[in-house]
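266 is the number of the first residue of the sequence shown in the working numbering; add one for each residue after it.
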Amino acid sequence: MKRILILCLVLVAGYSSFAQQKTKVKHMTIMLFNDHAAFTVGKKVNNMIITRDDTAQVQKLVDLNPHVKLREEPAAYESLLMNLLKPYYNDGWKLVTTSLEFIPSSNTEVFRYYFIKEE
């Protein structure tokens, strides 16, 4: 009887330590820079930077101009941003938070999206 009780205690202790193991979490930040320039001279710079916690970084040049009439621009711009982020949602990334910064001297908006992915 004593052995059965000890075996049960060992199993319960083992199960609780196994149940407390945490899943591995990956982090990713996506930054979008929009300078609202109607006309640019020379080569455009990358305006989408994707950084993961394994220090991998991808820089892309994306067109952030929705190419619509001025009255339709806010809705079209939101749709454009969602289309840029949709592949990451489909890949299992979850949006944690966002931030927006406006730099008046250069008329630039900086959008930051913070994602996590549990494995």
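We put the beta carbon where it would ideally sit given N, CA and C, even for glycine.
The structure presented is a predicted model; accordingly, all values stated were derived computationally and were not measured.
- Under a 10 Å Cβ-count criterion, M347 is classified as exposed, with fewer than 16 other Cβ atoms of the shown protein chains found around its own Cβ.
- Just measuring C-alpha positions, the residue of R317, L297, L350 sitting nearest F367 is L297.
- For L326, same chain residues with a beta-carbon under 7 Å away, outside a window of 5 residues either side, are K309, N311, N312 in chain order.
- Fully contained in the stretch 307-334 are the following beta strand (DSSP E) runs of length 3 or more, in chain order: 313-317, 322-325.
- Here the alpha carbons of S344 and L360 stand approximately 16 Å from one another.
- If you check the CB distance, E383 and T288 come in under 7 Å.
- Taking a 10 Å sphere around the C-beta of Y354, we find fewer than 16 other C-beta atoms and assign the residue as exposed.
- Of the candidates G357, S371, Q324, I314, the residue whose Cα lies closest to the Cα of Y378 is I314.
- DSSP, read as helix, strand or coil, puts S344 in helix.
- Within the DSSP bridge table, the entry for V361 names no partner.
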